[in-house]
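>
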Amino acid sequence: MMEQLKQLEQRLRETLPGAKLEIRSIPDSLNIKLALINENFPTGPLDQQTMRKVINSPAYWSFCWGSGVAAAGWIKENQAFFVGKTILDIGSGSGIAAIAACLSGAKLVFACDVDADARAATRYNAQLNGRKLTIIDNINSVSKKPDVVLLSDVLYDNSNLSLLDHPLIAESNTLIFDSRIKNLSAKGFESFATRCSCTIPNLGEFDEFREVSIFRSDRSDYFKPD
5 MMEQLKQLEQ RLRETLPGAK LEIRSIPDSL NIKLALINEN FPTGPLDQQT MRKVINSPAY
65 WSFCWGSGVA AAGWIKENQA FFVGKTILDI GSGSGIAAIA ACLSGAKLVF ACDVDADARA
125 ATRYNAQLNG RKLTIIDNIN SVSKKPDVVL LSDVLYDNSN LSLLDHPLIA ESNTLIFDSR
185 IKNLSAKGFE SFATRCSCTI PNLGEFDEFR EVSIFRSDRS DYFKPD
């Protein structure tokens with residue numbers, strides 16, 4: 005695993021020279037540990053070449069975004085929904101939501117991300133927590149229909165809203181955790197909870213982005229109390 009960590013750190017440094025990865029424990033998350041960018045990573049002023057790399061190849065996977073932290077906390081508190089189930093985590097990033105579902109007793113967990121570095125980070129972080137995930141690069145590669153679909157901090161880009169029309173999402177019990185979207189009723193979702201959360205390491209985000217909205221499919225009673 006040490007070699008995997010070194011390779012991940014090298015990939016990070018190709019974007020941000022001087023940055024490194026540190027193993028961090030995520031609070032309120034089933035004792036999950038993740039390899040994340042160091043707290044005092046270089047933030048600027050960055051030279052022009054480095055800035056272009058940050059824009060073109062952002063290492064999103066090296067942060068545990070606030071919505072992912074919120075997802076892990078919610079999963080921890082509601083493990084019964086995941087026991088024995090097949091889970092699809094879309095936009096897995098560091099892998100925190102997928103790992104939380106696995107630790108909560110899910111039978112099979114697909115972690116999907118289009119970024120090869122994110123997939124490598126998810127694989128490493130899963131091993132770090134003693135779990136194995138099925139890691140894929142395309143939502144259409146899922147070999148078994150999921151019982152639950154998770155999306156954490158995926159809808160920051162409006163173009164990603166079209167994902168919600170995909171049959172695997174439209175026909176599944178879906179949970180969305182997002183700090184930048186406040187209303188998804190037009191897409192068939194209802195907001196049923198909020199959590200206060202922040203990104204690790206802390207990016208000093210505005211307070212409005214520390215409140216994570218949690219949405220569920222409004223056509224399903226799966227996540228609704230009896």
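In this note's numbering, the protein residues as written are 5 to 230.
Where is the CB? At the ideal position from N, CA and C, for every residue including glycine.
Let me make sure I understand the geometry here. Which of Leu12, Asn35, Lys228 and Asp32 has the alpha-carbon closest to that of glutamate 26?
Leu12
> On the DSSP bridge list, what partners appear for isoleucine 180?
Leu155 and Phe219
> Using 8 Å as the threshold, is the C-beta distance between serine 221 and glycine 192 below it?
Glycine 192 sits close to serine 221, with the two beta carbons spaced by under 8 Å.
> Might you give, ordered along the chain, the residues of its own chain that have their beta carbon closer than 6 Å to the beta carbon of valine 113, omitting 5 neighbours on each side?
Ile91, Ala102, Ala105, Cys106 and Leu137
> What does the alpha-carbon distance come out to for the pair asparagine 206 and cysteine 116?
25 Å
> Based on the DSSP output, what are the partners of isoleucine 100 in its beta bridges?
The partner list for isoleucine 100 (beta bridge, DSSP) is empty, contrary to what the question assumes.
> In terms of DSSP beta bridges, what is alanine 39 paired with?
Answer by DSSP bridge pairing, in chain order: Ile27.
> Roughly how far, in whole angstroms, is the beta-carbon of asparagine 129 from the beta-carbon of alanine 63, given that I think they are within contact range, below 8 Å?
About 14 Å separates the two Cβ atoms, so there is no contact after all.
> At what residues does the beta strand (DSSP E) containing valine 58 begin and finish?
Element bounds for valine 58: not the beta strand (DSSP E) but the alpha helix (DSSP H), 52-60.
> Pull the bridge partners of leucine 33 from the DSSP assignment, please.
The sequence given here places serine at residue 33; leucine does not occur at that position. Paired residue(s): none; serine 33 is not in a bridge.
> Going straight from the alpha carbon of tyrosine 160 to that of arginine 184, what length do you get?
6 Å
> Could you work out which residue in Leu20, Val146, Asp32 and Leu172 is closest to glutamine 53 when comparing CA atoms only?
When each option's Cα is compared against that of glutamine 53, the closest is Leu20.
> Kindly list the residues whose CB is nearer than 6 Å to the CB of valine 87, restricted to its own chain and excluding five residues on each side of it in sequence; keep chain order.
Gly109
> Please list the terminal residues of the continuous alpha helix (DSSP H) segment that includes isoleucine 173.
Unbroken alpha helix (DSSP H) run through isoleucine 173: 171-174.
> Can you look up alanine 197 in the DSSP assignment and give me helix, strand or coil?
Strand.
> Tell me the rounded alpha-carbon separation between cysteine 200 and glycine 72.
12 Å
> For the beta strand (DSSP E) containing alanine 115, list its first residue and its last residue.
112-116
> Bridge partners of lysine 90, per DSSP?
The displayed chain sequence assigns threonine, not lysine, to residue 90. BP columns for threonine 90 point to Leu112.
> Looking at the strands, I want to know which residues DSSP matches up with cysteine 68.
Ile204
> Verify whether the separation of the beta carbon atoms of glycine 70 and threonine 178 is less than 8 Å.
Their beta carbons are not under 8 Å apart, which means glycine 70 does not touch threonine 178 by this criterion.
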